[in-house]
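Asker: Under the numbering used here, the letters of the sequence shown match residues 896 to 1238, in that order.
C-beta atoms are modelled at their ideal positions from N, C-alpha and C, and glycine is treated no differently.
What you are looking at is a predicted structure, and each value in this text was computed from that prediction instead of being measured.
Handing you this structure, nothing more for now.
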Amino acid sequence: MSTFAFGLGIGTKSSEGELLEVYFNSPLLNPSAQLITAVKDIAGYSGGNQAIELTASQLSELEAAFLAIDAEDQAEIVEICKGTQQPMILTILETDADPESTAEVYLKLTLLSHRLVKPHGLNLNGMFGKLPNVAWTSEGAISLADLPKRQLAARAQGRIIDVHSVDKFPKMANYVIPAGTRIAATSRVRLGAHVGEGTTVMHEGFINFNAGTLGVSMVEGRISAGVVVGNGSDLGGGCSTMGTLSGGNNVVISVGENCLLGANAGLGLPLGDRCTIEAGLYITASSKVTLLDDQNNEVSTVKAAELAGKPDLLFRRNSQTGRVEVKTNKSAIELNEELHAHN
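As structure tokens, then:
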């Protein structure tokens, strides 16, 4: 039977023993049956989805087992982590079921950021309930209950613990930096973001979990949770995309290939390839837009939702009348007939 995912990670616990986070250096999607067989008896893995905390003796046995099957990447993790006081967590997901532990969520988020899976390619149902709210600091993850005493102890030693954020999600760059990317402000890209090769995220750009770019993009705006941006598309400064969790309902907002969202523009529907939304214009599914022909004459007025996924559209606001207009490389009359063919 095939196995969905595998990760050997090093975690952080609170003083009460709560697992706060897990760092998976080299997670595997669809690991070999040979690898699972090699760790099964040593780790006491009995099948299904499990997160197993390993002992020092189990780690030593695992290293030998990994080397015996030429799993050198996994053996290297063990070698580097020998003697650690941090918990070593072996996480095996037989299926892509709802995550049942913090370690399972972290493995799935890491798979996304390693670009092993595209956004919406994993089951993340119920993940928020499995993630503790954590103080992310200059000394790593600290539970909120432990933070005051840790801060006091640091001050007594002449140090200050710098709290970068208080959140369920850490920044991606502390777990993985995908090849071929530039990220000007790493705190603005969360673990679980999928950052395509050739993407640049500028200082005001933001990418949430289970969202991101599939190729070359310049991101100076906001890619909200669940939003996927196609290759060659750029998001101008201050622009925004409506996340599935905040008003998009069950409609997945997306940006096609070779699109442009102008500065301070907004998007609340799936956008087709080679589309442009002019600066400052926010288009939602319910926006009324006027179709124009090549002479700028009105053809009809439709809801923007009817244009979802259509390519080669230019959305603009008429500066004299204030109405939202759309022009297309395709005949507006032809497009109108297509939209209403099944009315």
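Extract the residue ranges of the alpha helix (DSSP H) inside the segment 932–991, only unbroken runs of 4 or more that lie entirely within it.
Answerer: 951–963, 967–976
Asker: Would you mind stating whether residue 1071 and residue 1009 have Cβ atoms separated by less than 8 angstroms?
Answerer: As a working mapping, residue 1071 is identified with position 176 in the sequence shown. As a working mapping, residue 1009 is identified with position 114 in the sequence shown. Contact flag set, yes.
Asker: For my contact list, residue 1198 and residue 1209 are in at a C-beta cut-off of 8 angstroms; report their separation, rounded to the angstrom.
Answerer: Taking the sequence shown and counting its residues from 1, one reaches residue 1198 at position 303. Taking the sequence shown and counting its residues from 1, one reaches residue 1209 at position 314. Not really, about 18 angstroms apart at Cβ, beyond 8 angstroms.
Asker: For residue 1030, which beta-bridge partners are listed by DSSP?
Answerer: Position 135 of the sequence shown, counting from 1, holds the residue named residue 1030. The partner list for residue 1030 (beta bridge, DSSP) reads 1037, 1061.
Asker: If I follow the unbroken alpha helix (DSSP H) through residue 1004, where does it start and stop?
Answerer: Numbered from 1 along the sequence shown, position 109 holds the residue referred to as residue 1004. Note, residue 1004: alpha helix (DSSP H), 997–1008.
Asker: Pull up the distance between the alpha-carbon of residue 1138 and that of residue 1096, whole angstroms please.
Answerer: Here residue 1138 is taken as the residue at index 243 of the sequence shown, counted from 1. Here residue 1096 is taken as the residue at index 201 of the sequence shown, counted from 1. Distance between the alpha carbons of residue 1138 and residue 1096: 18 angstroms.
Asker: Where are the alpha helix (DSSP H) runs, 4 residues long or more, that stay fully inside the segment 1100–1157, in chain order?
Answerer: none
Asker: What first and last residue would you give for the beta strand (DSSP E) that runs through residue 1183?
Answerer: Residue mapping note: residue 1183 aligns to position 288 of the sequence shown, counting from 1. First-last of the beta strand (DSSP E) with residue 1183: 1183–1187.
Asker: Specify whether the segment 924–943 and the segment 1021–1032 touch according to this definition: at least 3 beta carbon pairs, one from each stretch, less than 8 angstroms apart.
Answerer: no
Asker: Would you check if the segment 897–917 and the segment 976–990 touch, i.e. whether three or more CB-CB distances between them fall below 8 angstroms?
Answerer: yes
Asker: Assign residue 1077 to one of three DSSP states: helix, strand, or coil.
Answerer: The residue you call residue 1077 lines up with position 182 of the sequence shown. Strand.
Asker: Among 1170, 1212, 1193, 1217, which one has its Cα closest to the Cα of residue 1202?
Answerer: Sequence index remark: in the sequence shown, residue 1202 carries index 307 (1-based). Among 1170, 1212, 1193, 1217, the Cα nearest to that of residue 1202 belongs to 1170.
Asker: In the structure shown, what three-state DSSP assignment does residue 1013 receive?
Answerer: Taking the sequence shown and counting its residues from 1, one reaches residue 1013 at position 118. Three-state result, residue 1013: coil.
Asker: Measure the CB-CB distance between residue 1163 and residue 1185 and report whether it falls below 8 angstroms.
Answerer: Sequence index remark: in the sequence shown, residue 1163 carries index 268 (1-based). Sequence index remark: in the sequence shown, residue 1185 carries index 290 (1-based). Cβ distance not < 8 angstroms, so residue 1163 and residue 1185 don't count as in contact.
Asker: As a quick exercise: from 1133, 988, 1041, 1001, pick the residue whose alpha carbon is nearest that of residue 1065.
Answerer: Start at 1 with the first residue of the sequence shown, and residue 1065 comes out as number 170. The residue with the shortest Cα to Cα distance from residue 1065 is 1001.
Asker: Going by DSSP, what residue range makes up the beta strand (DSSP E) through residue 1047?
Answerer: As a working mapping, residue 1047 is identified with position 152 in the sequence shown. That residue, residue 1047, is in no beta strand (DSSP E); its alpha helix (DSSP H) goes 1042–1051.
Asker: Is the beta carbon of residue 1005 sitting closer than 8 angstroms to the one on residue 946?
Answerer: Your numbering for residue 1005 matches position 110 in the sequence shown. Your numbering for residue 946 matches position 51 in the sequence shown. No, they are not a contact pair.
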